[in-house]
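Asks:
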Amino acid sequence: MKEETRVHLLDSNIITNNNLHKLDDDANNNNNNADEAAIVDSLNITPTLLLTTFFTLLGSLSLGFTIGYIAPVQSEIIEELGLSTSENSLFVSINNVGSAMGAILCGKLADYLGRRRALGLADILYVLGWLSIAVAQDAWLLDLGRWMLGVAMSICTFVIPIYIAEFAPQNLRGGFVVLYMVWYMIFVNAKMNYRLLFQLLHFCFFLGHFILECNCIFMQLMCSVGSSLVFLLGLIVPWRTLALIGIIPSLVQIISVFFIPESPRWLMMIGKNEEFEAALRQFRGAAADISQEVFDIKMSAEALQEKPKVSLLQLLQKKYAYTLTVGIGLIAFSVLVGVTGVLAYSRSIFESAGLSGITGMVSLSVMQLPSVVLAIILTDKCGRRPLLMISSVGVCVGCLLTASAFTFQVFKQMLC
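The opening residue of the sequence shown carries number 389 in the numbering used here; numbering runs sequentially from there.
#1: With a threshold of 8 Å, are at least 3 pairs of Cβ atoms found where one atom belongs to the region 749-757 and the other to the region 617-627?
#2: Check the C-beta distance from isoleucine 642 over to glycine 508 and give it rounded, since I have them as a contact under 8 Å.
#3: Using the three-state DSSP reduction, which class does glutamate 601 fall into: helix, strand or coil?
#4: Given glycine 517, which residues of its chain have a CB within under 6 Å of its CB, disregarding the five upstream and five downstream residues?
#5: Within the same chain, show all residues whose beta-carbon is closer than 6 Å to that of leucine 632, passing over the 5 residues directly before and after it, in chain order.
#6: For phenylalanine 453, which residues of its own chain have a beta-carbon under 6 Å away from its beta-carbon, when the five flanking residues on both sides are left out?
#7: In whole angstroms, what separates the C-alpha of alanine 732 from that of valine 723?
#8: Are there 16 or more other CB atoms within 10 angstroms of the CB of isoleucine 719, so buried, or fewer, so exposed?
#9: Within this structure, are the beta carbons of phenylalanine 671 and proline 557 separated by less than 9 Å?
#10: Give the single residue among Thr728, Arg772, Ser740 and Thr629 whose Cα lies nearest to the Cα of phenylalanine 794.
#11: Roughly how many whole angstroms lie between the Cα atoms of isoleucine 458 and glutamine 525?
#12: Return the chain-ordered list of same chain residues with a C-beta closer than 7 Å to the C-beta of leucine 446, the five sequence neighbours on each side being excluded.
#13: Near leucine 530, which residues of its chain fall below 7 Å by C-beta distance, leaving aside the five closest residues on each side in sequence?
#14: The alpha helix (DSSP H) spanning serine 723 covers which residue range?
#15: Is aspartate 511 helix, strand or coil by DSSP?
#16: Which first and last residues belong to the alpha helix (DSSP H) in which phenylalanine 442 is found?
#17: How about the region 492-507 and the region 539-554: do they share at least three Cβ pairs that are nearer than 8 Å?
#18: Counting pairs of beta carbons, one from the region 463-473 and one from the region 659-677, are three or more of them closer than 8 Å?
#19: Given a cut-off of 9 Å, decide if isoleucine 552 and threonine 441 are closer than it, judged by their beta-carbon atoms.
#20: For glycine 782, tell me which candidate among Ala689, Lys697, Ser759 and Gly771 has the shortest Cα-Cα distance.
#21: How many whole angstroms separate the CB atoms of glycine 748 and arginine 735, which I take to be in contact at a CB cut-off of 8 Å?
#22: Residues in its own chain within less than 6 Å of serine 780 by CB, not counting five upstream and five downstream?
#23: Between Leu630, Ala763 and Met802, which has its C-alpha nearest glutamate 464's C-alpha?
#24: By a C-beta neighbour count over all protein chains shown, 10 Å radius and 16 as the cutoff for buried, is glycine 456 buried or exposed?
#25: At a cut-off of 8 Å, would you count methionine 536 as near the ligand FAD, judging by its Cβ distance to the nearest heavy atom?
#26: Within its chain, find whatever has a CB closer than 8 Å to the CB of threonine 728; leave out the 5 residues flanking it on each side and keep chain order.
#27: Can you list, in chain order, the stretches of the alpha helix (DSSP H) that have 4 or more residues and sit fully within the region 735-784?
#28: Excluding the 5 residues flanking leucine 451 on each side, which residues of the same chain have their C-beta closer than 6 Å to its C-beta?
#29: Run the CB neighbour count on glutamate 694, radius 10 Å, all protein chains shown included, and call it buried at 16 or more, exposed below.
#30: Nearest CA to the CA of serine 477: which residue from Leu803, Ala527, Arg503 and Leu501?
#31: For the candidate residues Ile765, Gly786, Ile737 and Lys800, whose alpha-carbon lies nearest to that of proline 460?
#32: With DSSP as the reference, label leucine 589 as helix, strand or coil.
#33: For the alpha helix (DSSP H) containing serine 542, list its first residue and its last residue.
#34: With distances taken between CB atoms, is the gap from leucine 775 to alanine 791 smaller than 9 Å?
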């Protein structure tokens with residue numbers, strides 16, 4: 389009898405302890421869910437925000453694809469179409485002519501059409517340009533396609549960072565935390581340990597916010613991804629097929645343009661107040677309180693309109709000479725270094741140096757991404773000016789070594 393009573397009491401204690409543990413687990417799960425909801429609300433991250441960011445950044449992928457297209461397929465195009473040296477040079481360089489023309493028009497287009505429709509126009513030019521190259525049987529159609537790609541590149545380069553900055557939440561202004569999406573949509577749905585999830589959230593949030601603090605840097609990262617991708621694909625697919633592959637990101641973005649909201653700030657600036665608030669609510673969520681942000685945007689727009697407009701002639705005044713020289717000089721010298729030319733003729737350069745063109749393409753595609761990531765990491769640690777000076781020295785040394793190597797090769801051939 390005593391043994392039965394003891395067993396009964398032990399069983400009761402076990403059941404009671406199990407129930408207590410279950411209640412504790414339920415309470416912890418409720419607290420965890422509340423914490424996750426609070427984090428999501430504080431970040432103002434919605435599916436519309438995520439998808440719009442993703443579809444917008446496809447333009448940077450197309451930009452990188454366009455820049456890197458020439459290098460792996462140049463010799464193939466010359467051989468198939470019988471291009472002369474001058475025709476090939478025009479095909480390579482006319483992209484820059486299109487970019488210059490697009491740079492003049494992109495600001496007015498973005499203000500007149502809106503950010504979303506300007507992206508759509510760039511995508512149409514991308515599609516037409518790639519189709520012209522894919523079906524080309526002579527040089528003029530190649531040049532036309534390459535010119536259209538240049539115009540599209542300029543429009544995307546101008547519109548993408550402005551569009552993202554205008555719809556991103558204020559606490560994430562300048563970029564958007566893409567890595568947070570991975571955490572929330574994958575890790576939260578998986579039944580992982582909560583402490584680990586919370587640490588992963590902070591890690592992903594830090595990385596994403598750091599990378600996207602300047603969305604121009606993130607655009608450069610996406611551009612490098614596109615260039616690396618085309619370098620690798622160009623080694624295994626024909627040049628016409630590669631041009632058709634380049635259409636894919638633009639087609640996806642064209643479809644997305646019909647569904648993603650317009651920039652709330654642009655709608656506000658053209659006086660569409662109802663559409664402005666509707667677009668902002670799409671980005672922030674139906675339950676979000678947007679009253680303060682609506683007020684801030686209206687005040688910002690009014691302050692911008694009250695500022696006096698500055699003409700081109702006024703910019704040429706002596707007091708702006710130093711600022712203009714530094715600003716334009718930095719951009720001009722970064723282009724005049726010739727990096728686009730080196731990329732366009734990289735396969736020929738490697739082959740002229742006695743190396744395999746395939747090895748050169750693979751090495752370029754592998755080295756591009758780490759170099760951009762390193763620049764992102766060092767930008768805030770070292771500062772812009774020191775990093776610019778150090779990288780300029782590196783560019784000079786690289787160009788000097790490359791020129792010296794080919795000079796010695798010419799002397800060696802002359803002596804032999």
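Note that the Cβ used here is the ideal one computed from N, Cα and C, for glycine as well.
None of the values given here were measured: they were computed from a predicted structure.
Replies: Put simply:
#1: yes
#2: 6 Å
#3: The pLDDT assigned to glutamate 601 is 49, lower than 50, so where the model puts this residue is not dependable, and the model offers no usable value.
#4: Gly533, Met536 and Leu537
#5: Ala522
#6: Gly614, Val618 and Gly634
#7: 14 Å
#8: exposed
#9: yes
#10: Ser740
#11: 17 Å
#12: Pro637, Val640 and Gln641
#13: Phe479, Ile521 and Ala524
#14: The residue asked about is misnamed: residue 723 is valine in this sequence, not serine. Its alpha helix (DSSP H) spans residues 709-724.
#15: helix
#16: 435-456
#17: yes
#18: no
#19: yes
#20: Ser759
#21: 6 Å
#22: none
#23: Leu630
#24: buried
#25: What this structure holds is no ligand at all, so the ligand FAD is not there to describe.
#26: Ile455 and Asn484
#27: 745-770
#28: Met541, Cys544 and Cys611
#29: exposed
#30: Ala527
#31: Ile737
#32: With a pLDDT of 47 at leucine 589, under the threshold of 50, the modelled position of this residue cannot be trusted, and the question is left open.
#33: 527-555
#34: no
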